[in-house]
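Structure record follows, encoded as structure tokens.
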């Protein structure tokens, strides 16, 4: 199998992370199920409390590094079950 070009790897990684992002309602439910506040998850992700609130209401969608960190945080919450 031929080696994929670096650009293809980057695109594949972006798609994978985006697909791993739960719905806004699921994001909120994951946080609340673990008893975390907006401030706590915001500190873990490195964004403001209002950003997390916007992600949970669907008003905003995280992008770039914020998306990656947010998905990692949500995965950790899911695995902590």
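Residue numbers (our numbering): 2 to 82. Beta carbons are placed, not taken as given, at the ideal position from N, Cα and C, and that holds for glycine.
Top-ranked residue by Cα proximity to residue i, from the options
i	options	result
residue 22	75, 38, 81	75
residue 59	20, 24, 12	24
residue 73	38, 12, 11, 32	32
residue 1	55, 69, 70, 17	As displayed, the chain neither begins before 2 nor continues past 82, which places residue 1 out of reach and without an answer.
Residue i: first and last residue of the uninterrupted alpha helix (DSSP H) it sits in
i	result
residue 37	Premise fails: residue 37 is in no alpha helix (DSSP H) and is neither H nor E.
residue 14	7-21
residue 51	50-58
Rounded separation between residue i and residue j - CA only
i	j	result
residue 80	residue 15	22 Å
residue 53	residue 45	11 Å
residue 36	residue 10	36 Å
residue 43	residue 19	19 Å
residue 66	residue 26	22 Å
residue 63	residue 7	23 Å
residue 61	residue 51	10 Å
residue 77	residue 39	16 Å
residue 12	residue 68	14 Å
residue 47	residue 17	21 Å
Residue i beta carbon near the ligand NAD (any heavy atom closer than 7 Å)
i	result
residue 49	The ligand NAD is absent from the structure shown, which contains no ligands of any kind.
Residue i, DSSP secondary structure in three states
i	result
residue 68	helix
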